[in-house]
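Under numbering that gives the first Met the number 0, the first residue of the sequence shown is numbered 0, with each subsequent residue one higher. Here a beta-carbon is modelled for each residue, glycine too, at the ideal position from N, C-alpha and C. Values in this document were obtained by computation on a predicted structure and should not be read as measured data.
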Amino acid sequence: MTDAPNQKEPPRDNVVALPSPDEATEQRGEGARNLAPWALLAAAVLAGVVFVPTLLYTGQDSEAPNAPVVDKALEQKPSVSGDWLSDNKEEVVEEEESDEVAASAPEPATVTPTTEVPRSPGYVAPQQQPRGPRAAVASSKDASFKDARNANLAGKKLAANEARAAKPAPISPTAKADKRAPEPEPGEVRRDDLEPVDDNPFLTVASKPLSTFSIDVDTASYSNVRRYLKRHVAPPRDAVRIEEMINYFDYDYAPPSGGEAPFAVHVETASSPWSPENRLVRIGLKGRVVEAEQRPVSNLVFLLDVSGSMSAQNKLPLLKQSLGMLLERLGEKDRVAIVVYAGASGLALPSTSCAERATIMRAMDNLQAGGSTNGAAGIELAYQVAVENFIEGGTNRVILATDGDFNVGTSSRSALTTMIEQKAKSGVFLSVLGFGMSHNDGTLEKLADKGNGNYAFIDTASEARKVLVEQLSGTLVTIAKDVKIQVEFNPAHVASYRLVGYNNRLLAARDFNDDTKDAGEIGAGHAVTAIYEIVPTRAATSEKTGVDPLKYQAKPRLTPAADSLELLNLKLRYKQPDGHTSALLQFPVSDSGERLEAASADMKFAVAVASFGQLLRRSPHAGDVGLSEVLALARQGQGQDRHGYRAEFMQLVQNARGVLR
C-alpha cells in the first residue's frame, strides 16, 4: 500500500489491525512468535526497501489531520528577499540549450549590488534550509520511519542528478569542428508571437493618390530568415518583413554633400520583373556619415536579460562576446552601465568610464543565466540610470539584449510598448538586440519602434561585428528622428501602385504633417530603401488595378502639373534628434523609361532581395519570378560586395531550393 496525499480519515471498518502474537502462532507456527511487526519494519528500512505502509491516523494531530506527507529533504524555497536563484522554480528551460552547455555551466557568480538600487539578479543567495510544517504522523515510530524514507529518496535523487551532470552529451561533428554547442532545429515560431504581416495591395490613384509611411532601419528579419534557411527550414510567413531584408544591405548612395539636411535622397526607376509592363520606383536615403573621432560622447546602459531562457550558447555567451566587441570601439570618455533582470532587476555596474574597460568586462563576465523574466522592472531601472547620467549633446541610449521571453511582471506587448513610448520622451533612445530563437520577435520590433530605436537579430559573432563594429555610428548615433515619407502619384501616368514591404509602418495621410505622430529614426551612415511597383495608365486594366471601370463617375479633372512628365511627387519630413518641429523636403520624380537590365547594380540587387522576400512570403505579387531568376538578378547586382554579404544572400537563395516547393 502507498500513502494517499490529502486523503480523509478512513472509516474504522477499513482499518487493518496488526495480528497478535497468539494469532501469529496459530497461523505461522511457533517461529513467528519471536518476530514483532515493528522488527519487520526496521529490517525493511535497513535493507533500503522503499515501501510505505498505510499510516493509521490516530486523531491526535489536531493541527493538520489531513496534511500530506511532505518530502522535506527535497523541498526548496525561493529567496524571500527577491534575490535571483539559479534553481528558481519559475526558471524556463530554453529549448535551444544543449545538454553539454547545461552540464558545464558554472555556478552563478556574485555581483555586488549598490545601496541605491535593488540587488542584481546575478547575486546568488545562500542555500536555504528546508522549511515547512511537519506532516501528520501516527506515532514517533512512524515519524522515524518517514525520516529514513525521505533521506533515502533524497539520496537517490541527488545521485541521479550527479549522474546526469556527469554524463557527457553527444556532440555533432559540426559542433566539434567549431567548438560550439549545436544550435537546435528552429521549429515553427508561435503564431501569436509574430506581428501579423499582410501584403500591401494595389491601390488606385483615383481613390488613394497619397501613400504615407514611416521609414524603417531594422534588419532583424533578414538575420532571422537566414537562420532558418541555413537549417533548410522555411521561415514562417510573418517572420519575413521585406523592407528589413532590403535594408540589411548597404547601397552605394552618396551621403549629403552639405546643407542642413541630415540625409541625401536618391530615386531610380526601371521595369518590373514581376510584371514587365509595370514600373518600379526605388527611393533611397543615405544618412550623414559620422567618423569615429566625430562621434558624440556616449552614455550607454546595457540592459541585459539574464533569465533562465538565456542560458543557451547562442544567447548569453554570444551576448557577452557581442558587447565585448562594442566595448573595444568605445572611447575613454564614453560611459557604460549594466542593468540586469531576471525575476528581479538590479544594477550590476554603475555608470563607469570606458577607461576602466577591465572593470566593465569583469562585470559582464560574472553574469550567469537563471530565473524568470521580469523585463518591465529592468526597463524602468535602465532608463532611470540613463537619465541620471544624461549627457547633453551626447548619445544617450539603452541597449536591450534579450530573447524577448518576458514572462513575469508587465509582459503583454501593449503594456511594454506603452511603457517604452513614455520612456522615449526622456530623450534616451533605444537599441534592441535579439538573441536565440527570438520567439517574441514581434514584441521586440515594437519596442524598438516605440523607443526611437533600431532592432537587430544577433545569431552569430559575425552579425554582432556587423551591427556593433562596422555600423557602430549608425547603431548608436541618431541623425534624424520621426522620418516620414509621403508620395503623391500623378493620375495622368499612374493608374495604381503598391508599396513593397513596410506593411506595419503605414501611416494615414494626415499623419504626415502631424508632428506628434511617431515615426522611424535614421542613424549616421545608414541607408534606407523603399520600392514601389506602379501600373502605368497605358497598361491599366481591371485585372491589374483590381477595380472595374466606374459607370457613373468620369475621370478626375487634372491640374496643369499633371501634364508634365512627373510620375510622382516625393515628400519627406524629419526632426533633428533633439527637436520637436519637423522640416520638409520634396522632390518631383520622372520616369527614366529604363529596363531593369540597364539599371544600376544596386537597383538589381534590391529588386532581387524583394523578389526573394515575396517568394518566402508566398506573395501573390511574386509573378513568374522563381529562385533561378532571383539568383541571376542578384549576381548581376553583386557589385564590389566588400564584406561578402551579397554573396551570402546568394547562398541563401540556393538553400531555399529545397524549401520552397
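Secondary structure note for L303: its beta strand (DSSP E) is the uninterrupted segment S297 to D304. For G612, there is no enclosing beta strand (DSSP E); the enclosing alpha helix (DSSP H) has its first and last residue at A600 to L615. The count of Cβ pairs closer than 8 Å, one atom from the segment 338-350 and one from the segment 296-308, reaches three, so the stretches are in contact. Per the coordinates, the alpha-carbon of R645 lies some 22 Å from the alpha-carbon of R236.
Here the alpha carbons of G473 and V493 stand approximately 36 Å from one another. Per DSSP, the unbroken beta strand (DSSP E) holding I530 starts and ends at A526 to P535. Looking at the DSSP output, P587 bridges to N568.
Bounds of the beta strand (DSSP E) holding L209 are L209 to S213.
Here K285 is bridged, per DSSP, to A263 and A526.
Looking at the DSSP output, V280 bridges to T268 and Y531. The alpha-carbon of D590 is positioned some 9 Å away from that of R278. In the structure shown, D562 adopts helical secondary structure according to DSSP, grouped into three states.
Per the Cβ contact rule, the segment 592-602 is in contact with the segment 261-272 (3 or more Cβ pairs under 8 Å). Around the beta carbon of Y247, 16 or more other beta carbons sit within 10 angstroms, so the residue counts as buried. Straight through space, the alpha carbons of A538 and E628 are spaced by roughly 24 Å.
A residue is called buried when at least 16 other Cβ atoms come within 10 angstroms of its Cβ; R572 meets this threshold and is buried. In terms of Cβ geometry, A368 and S306 form a close pair [threshold 8 Å]. Judged by beta-carbon spacing, A253 lies within the 8 Å limit of A263, meaning their Cβ atoms are closer than that value.
Comparing C-alpha distances from Q650 to each of L432, R226, L564 and N365 shows the shortest one belongs to R226. Here the C-alpha atom of P555 lies approximately 10 Å from the C-alpha atom of S206.
With a contact defined as Cβ atoms closer than 8 Å, G393 and V289 miss out at about 13 Å. P576 counts as buried, since no fewer than 16 other beta carbons sit within 10 angstroms of its beta carbon. Contact between Y531 and Y496 holds, with the beta-carbon distance rounding to 5 Å and staying under 8 Å. Taking the C-beta atoms as reference points, P490 is found no nearer than 8 Å to P200. By the Cβ criterion, the segment 210-219 is in contact with the segment 443-454, since at least three pairs of Cβ atoms, one from each stretch, lie closer than 8 Å. Going by C-alpha positions, V482 is about 16 Å away from L429. If only uninterrupted beta strand (DSSP E) runs of at least 3 residues are considered, those enclosed by the segment 457-521 are 477-488 and 493-499. Between V466 and I457, the beta carbon gap of about 7 Å places them in contact (Cβ cut-off 8 Å). In the three-state scheme derived from DSSP, where H, G and I count as helix and E and B as strand, G435 is classed as coil.
Look at K332 here: in three-state DSSP terms it is coil, with no helix or strand label. If you draw a straight line from the Cα of I241 to the Cα of I282, it comes to about 15 Å. Annotation for T351: no alpha helix (DSSP H) segment contains it, though the beta strand (DSSP E) segment containing it runs S344 to S352.
Excluding sequence positions up to five before and after R594, its CB lies within less than 7 Å of the CB of A269 and S270, all in the same chain and listed in chain order. Boundaries of the beta strand (DSSP E) harbouring L399: T394 to T401, taken from the DSSP string.
Taking a 10 Å sphere around the C-beta of Y454, we find 16 or more other C-beta atoms and assign the residue as buried. Looking at the backbone, the Cα of K285 and that of K550 are separated by about 45 Å.
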